[in-house]
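As numbered in the UniProt record's numbering, residues 1 to 147 make up the sequence shown, in order. Where is the CB? At the ideal position from N, CA and C, for every residue including glycine.
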Amino acid sequence: MAFDRIPFKPVGEEWQESFDMLCGMCRHLGECQIIEGMIEMKNGTTWPQGGWVTDPGAGITCLSYQPKPVRILEGQELEETLSQAVPMCGGCAARKGSDASKSLHTQRDFNAAVKREGVFACHEGDNHGKPCGGWCNAVRRQKGVKP
């Protein structure tokens, strides 16, 4: 399925929120030229290739986004973290059709956490910050263990 992403041009307070959400979690923070291009666009230049776009059904994303490395969990620490996972929520990144499952940068974060077996946290309500149930299931499947 192809998404119709269009350049995102933040206004007012959207700048700080967008920067925090996209750039604050990106591996390229501090060395990326996209933010400079976004600021120049604000002043009338063209949209920077690889910049911020709408992400239909999921808000906005940066096409150049790369997740920060996650701390790899091993052995007993991984097992304890997996056992602390909360049930998958309605907005889970692992739930097909959720906003998070459609978000390019969230999927990049989720997939990196599964691949490297580093925790991916739930972002919903009282479970915010706790190990995500969808992440737990994906890690267990990756290890060949039935979720």
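Report the three-state DSSP secondary structure of residue i (helix, strand or coil).
i: valine 70; result: coil
i: valine 114; result: helix
i: cysteine 26; result: strand
i: methionine 1; result: Model confidence at methionine 1 stands at a pLDDT of 45, short of 50, so the residue's coordinates are unreliable; what they give is reported in the following sentence. Reduced to three states, the DSSP call for methionine 1 is coil.
i: threonine 61; result: strand
i: alanine 93; result: coil
i: valine 11; result: coil
i: alanine 100; result: helix
i: alanine 121; result: strand
i: threonine 46; result: coil
i: valine 86; result: coil
i: valine 145; result: coil
Just how far apart, CA to CA, sit residue i and residue j?
i: cysteine 23; j: cysteine 136; result: 26 Å
i: asparagine 111; j: threonine 46; result: 32 Å
i: methionine 1; j: proline 56; result: Note that methionine 1 scores 45 on pLDDT, short of 50, meaning its location in the model is unreliable and no value can be drawn from it.
i: methionine 41; j: proline 48; result: 7 Å
i: valine 114; j: valine 11; result: 35 Å
i: glutamate 17; j: aspartate 4; result: 22 Å
i: phenylalanine 8; j: cysteine 32; result: 17 Å
i: isoleucine 6; j: glycine 75; result: 43 Å
i: leucine 78; j: leucine 29; result: 28 Å
i: aspartate 99; j: arginine 140; result: 23 Å
i: phenylalanine 19; j: arginine 71; result: 23 Å
i: glutamate 36; j: asparagine 43; result: 11 Å
Quick one: residues in its chain with C-beta nearer than 7 Å to the C-beta of residue i, no 5 flanking neighbours on either side, listed in chain order?
i: leucine 73; result: Thr81, Glu117, Gly118 and Val119
i: glycine 50; result: Ile34, Leu63 and Ser64
i: arginine 95; result: Met88, Ser101 and Gly134
i: methionine 38; result: Pro48, Gly51 and Trp52
i: glutamine 142; result: Val114
What does a CB cutoff of less than 8 Å around residue i pick up in its chain, not counting 5 residues either side in sequence?
i: glycine 125; result: Cys89
i: glycine 97; result: none
i: residue 157; result: What the structure shows of the chain is the stretch from 1 to 147, and residue 157 is not part of that stretch, so it cannot be assessed.
i: glutamine 84; result: Lys130 and Pro131
Contact defined as beta carbons within less than 8 Å: I believe residue i pairs with residue j. What is the distance between those atoms, to the nearest angstrom?
i: threonine 61; j: serine 103; result: 6 Å
i: arginine 27; j: proline 69; result: 7 Å
i: methionine 25; j: proline 67; result: 7 Å
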